[in-house]
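One rule links them: number in this note's numbering = place in the sequence shown (from 1) + 26. Written below as structure tokens is the structure these notes are about.
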Amino acid sequence: MKVILLAGGISKRIYPLHDKNLIKICGKTLIEHQIQRLRSSGFKKFLIVCNKDNHEKIREIVLKIPELEVDTVIQYKPGMAGAILACENKIGDEEILIVSSNDVVSKNAYQLILDASKGSSSEVLMLGKKVETYFPGGYLEVDQNMRINSIIEKPRRGEEPSDLVNIVVHFYRNPIQLFQYLENAQTDKDDQYEVAIDRMIKHGVKMKAIMYDGVWQPIKYPWHIYDVAKIIFDELPKLKAKTAQIAASAILKGDVIIEDNVRILEHAIINGPCYIGKDTIIANNALVRNSFLGNFCTVGFGTEIARSFVGDECWFHTNYIGDCIIDRNCSFGSGAVTANLRLDEQNINVKINGNIINSGSNKLGAIIGENVRIGVNTSIMPGVKIGSNSMIGSGIVLADDVEDEQYVRAKFLIKKSKNLFKINEKDERNEMREKLNKSI
Numbered sequence: 027m028k029v030i031l032l033a034g035g036i037s038k039r040i041y042p043l044h045d046k047n048l049i050k051i052c053g054k055t056l057i058e059h060q061i062q063r064l065r066s067s068g069f070k071k072f073l074i075v076c077n078k079d080n081h082e083k084i085r086e087i088v089l090k091i092p093e094l095e096v097d098t099v100i101q102y103k104p105g106m107a108g109a110i111l112a113c114e115n116k117i118g119d120e121e122i123l124i125v126s127s128n129d130v131v132s133k134n135a136y137q138l139i140l141d142a143s144k145g146s147s148s149e150v151l152m153l154g155k156k157v158e159t160y161f162p163g164g165y166l167e168v169d170q171n172m173r174i175n176s177i178i179e180k181p182r183r184g185e186e187p188s189d190l191v192n193i194v195v196h197f198y199r200n201p202i203q204l205f206q207y208l209e210n211a212q213t214d215k216d217d218q219y220e221v222a223i224d225r226m227i228k229h230g231v232k233m234k235a236i237m238y239d240g241v242w243q244p245i246k247y248p249w250h251i252y253d254v255a256k257i258i259f260d261e262l263p264k265l266k267a268k269t270a271q272i273a274a275s276a277i278l279k280g281d282v283i284i285e286d287n288v289r290i291l292e293h294a295i296i297n298g299p300c301y302i303g304k305d306t307i308i309a310n311n312a313l314v315r316n317s318f319l320g321n322f323c324t325v326g327f328g329t330e331i332a333r334s335f336v337g338d339e340c341w342f343h344t345n346y347i348g349d350c351i352i353d354r355n356c357s358f359g360s361g362a363v364t365a366n367l368r369l370d371e372q373n374i375n376v377k378i379n380g381n382i383i384n385s386g387s388n389k390l391g392a393i394i395g396e397n398v399r400i401g402v403n404t405s406i407m408p409g410v411k412i413g414s415n416s417m418i419g420s421g422i423v424l425a426d427d428v429e430d431e432q433y434v435r436a437k438f439l440i441k442k443s444k445n446l447f448k449i450n451e452k453d454e455r456n457e458m459r460e461k462l463n464k465s466i
């Protein structure tokens with residue numbers, strides 16, 4: 027069986043971060059984690075669908091993975107159907123498993139559908155999960171025997187055909203048949219794949235939903251990166267590298283992974299779950315809790331980082347970083363802080379591609395792209411996005427999003443006039459202090 031790993035999406039909704047497949051989480055890119063999770067279930071043959079922008083980088087990464095039969099292909103037509111059709115010339119008649127690279131599930135999900143494929147007469151198997159709240163994705167309509175009657179992509183809220191969401195872990199015994207239906211599917215919407223599936227069902231192709239009740243987190247918006255990091259972290263061994271230097275007075279609580287050459291100085295606190303990447307320094311009196319830090323970061327004296335995802339090579343100097351998503355090579359001047367809670371404690375909204383999206387949480391800090399500099403004493407309001415290669419001046423209250431490559435500064439009106447207030451000399455201050463002491 028060959029895995030078709032779909033990694034050709036444009037990742038527009040996670041801006042100001044870039045390609046979600048190349049985001050480093052707990053020391054490795056997401057695409058590496060996904061391949062390794064599939065390998066643990068016995069899959070060894072992969073065809074990875076890329077786009078023209080990430081193809082070279084993904085190919086460079088995956089070709090270094092040992093004992094792996096892997097090839098790549100570039101997707102030129104949009105949508106899931108376009109991604110699958112791009113594979114047509116590289117797939118024969120062997121069984122395939124189609125997996126979305128940014129749908130993160132537990133490792134046993136792949137084993138679940140693999141086992142089902144051996145004991146089922148159905149020609150197509152799809153992983154399904156029951157949800158309690160609306161999800162803007164595909165839904166499966168099934169009968170009492172879990173046979174799929176239809177698949178509906180992104181129905182309106184309240185018009186869902188069921189509570190069973192379609193997770194893109196799809197097994198096909200006959201890929202040639204799938205390609206034929208995809209080529210013949212006609213639609214004006216971005217649902218060519220779903221249209222093809224519906225036609226297959228109407229023509230008698232047996233499809234079955236495989237129930238899955240484990241963890242599942244798709245990456246649709248930037249804040250989902252933190253949720254994915256938690257899933258990946260939970261499945262990693264909790265190790266402290268022998269080369270790490272941890273001061274005797276430092277405190278480590280809960281599940282923590284400390285990578286090579288990390289330095290944790292006196293009176294620092296690491297409160298797990300936490301991942302501390304290679305060569306990172308946690309300085310005196312710093313507090314890192316429920317966060318995932320990349321390599322070569324510096325968390326300066328007195329800084330607190332809470333429930334945040336931080337990329338490689340980031341610097342912090344006496345800051346509060348709460349519920350943030352921060353890409354690589356960002357630096358915060360001393361006293362700069364991120365606000366993460368509205369005064370009315372309502373959910374925080376974020377502007378995504380011109381639309382206001384409810385984050386679903388009342389705690390969300392800044393979302394910051396790579397190569398950003400934040401000046402001293404600047405305050406960033408909840409849910410604000412800052413584009414890559416931008417500089418934010420000092421002393422600013424930033425309540426609006428900032429695009430890529432912007433220099434944001436503020437003008438302060440400073441007035442000077444003659445000082446008419448008497449400043450007490452040392453003797454006068456001492457006399458006042460003595461009078462005060464006597465009155466107490």
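For glycine and all other residues, C-beta sits at the position ideal for the given N, C-alpha and C.
Asked, Found
"Three-pair Cβ contact test at 8 Å for the segment 262 to 273 versus the segment 227 to 247", "no"
"Range covered by the beta strand (DSSP E) that runs through residue 276", "Counting along the chain, residue 276 falls outside any beta strand (DSSP E), and DSSP gives it neither H nor E."
"Entirely enclosed alpha helix (DSSP H) segments - the segment 92 to 124, minimum 4 residues", "105 to 111"
"Contact between the segment 202 to 213 and the segment 90 to 99 (3+ Cβ pairs under 8 Å)", "no"
"Cross-strand partners of residue 399 (DSSP beta bridge)", "357 and 417"
"Reference residue 391, options 175, 336 and 85, closest by Cα", "336"
"Inter-residue Cα distance where the pair is residue 319 and residue 302", "5 Å"
"Three-state class that DSSP yields for residue 405 in the structure shown", "strand"
"Residue of 413, 422, 444 and 420 minimising C-alpha distance to residue 432", "413"
"Residue 315: first and last residue of the uninterrupted beta strand (DSSP E) it sits in", "313 to 315"
"Spatial neighbours of residue 100 in its chain, beta-carbon cut-off 6 Å, leaving aside the 5 residues before and after", "76, 78 and 81"
"For residue 244, the first and last residue of its enclosing beta strand (DSSP E)", "242 to 244"
"Beta-carbon proximity check, residue 255 vs residue 51, cutoff 8 Å", "yes"
"Reduced DSSP category for residue 254 - H, G, I as helix; E, B as strand; rest coil", "helix"
"Burial state of residue 423 (16 or more Cβ within 10 Å)", "exposed"
"Beta strand (DSSP E) segments (min. 3 residues) lying fully within the segment 128 to 162", "129 to 131 and 150 to 156"
"Straight-line gap, residue 70 to residue 53 (C-alpha atoms, nearest Å)", "22 Å"
"Unbroken beta strand (DSSP E) run spanning residue 377, endpoints", "375 to 378"
"Segment contact, 8 Å Cβ cut-off, at least three pairs: the segment 192 to 203 with the segment 123 to 130", "yes"
"Proximity to residue 388 [Cα-Cα], best of 60, 142, 407 and 257", "407"
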